[in-house]
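6 is the number of the first residue of the sequence shown in our numbering; add one for each residue after it. Backbone N, C-alpha and C fix where the C-beta goes; we use that ideal spot for every residue, glycine too.
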Amino acid sequence: MHLSLPAFEYKVKKQEKGLYIYDIIRKKYVLLTPEEWVRQHFIHYLIHYKNYAPALVAIEREIDVYGLKKRFDIVCYDRQGKPYLIVECKAASVPLSQQVFDQVFGYNLTLAARYVVVTNGRVHLCGYTNEERIFCFLEDIPDFK
6 MHLSLPAFEY
16 KVKKQEKGLY
26 IYDIIRKKYV
36 LLTPEEWVRQ
46 HFIHYLIHYK
56 NYAPALVAIE
66 REIDVYGLKK
76 RFDIVCYDRQ
86 GKPYLIVECK
96 AASVPLSQQV
106 FDQVFGYNLT
116 LAARYVVVTN
126 GRVHLCGYTN
136 EERIFCFLED
146 IPDFK
C-alpha cells in the first residue's frame with residue numbers, strides 16, 4: 006500500500022519466516038510486517054527530514070504502564086535524555102481511531118513526552134497537551150531542536 010512518507014533505500018532479506026528489513030536504529034533485521042513497513046518509513050522520515058539524531062531514537066522498548074508491560078513503537082529523546090516525541094505506528098490499512106490515541110496516551114502517562122504522533126503511514130496526526138490539559142493538534146511534526 007502507498008504511504009505518504011518519502012521513499013528510502015532499505016535492505017531486505019528473505020528468511021524462513023518471511024521478509025526481514027534492516028532497522029538502522031536497532032542495527033538488525035526485523036520481520037517485515039505491514040506495521041514495520043510504516044515504522045521504518047517513519048524512522049527514516051524523522052532522521053532525514055526532521056533532523057532527529059539516530060542516537061536519541063528508541064524503537065519498541067518495554068515500559069511499565071500502571072503495572073502492565075507495554076512496548077512503544079518509537080520514542081525520540083531530547084539532548085537531556087527526556088522523552089520528546091512518542092510515535093504510535095499502525096499498518097496502512099488501520100484507521101487512526103480514538104483507540105489508537107488512547108493507546109499512545111497510555112504510554113505517555115509513563116513517558117511524559119512533549120509531543121504525541123499517531124501514524125498509519127498515510128495519515129500522520131501530531132499534537133501536545135497544553136497547560137489546561139487539552140490536546141492541541143499541530144499542522145506538522147516538529148523538527149528536532
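- From the listed residues 33, 46, 29, 114, the smallest Cα separation to residue 12 is found for 46.
- With a cutoff of 8 Å on beta-carbon distance, residue 126 and residue 142 are scored as not near each other.
- Assignment of beta strand (DSSP E) within the region 13-78, counting only whole runs of 3 or more residues, yields 17-20, 23-28, 33-36, 62-64, 67-70, 73-76 in chain order.
- Residue 113 counts as buried, since no fewer than 16 other beta carbons sit within 10 angstroms of its beta carbon.
- Sequence-distant partners of residue 23 (beyond 5 residues in either direction) whose C-beta falls short of 8 Å from its own C-beta, in its chain, are 36, 37.
- Distance between residue 84 and residue 40, taken at the CA atoms: about 28 Å.
- For residue 111, the enclosing alpha helix (DSSP H) begins and ends at 103-116.
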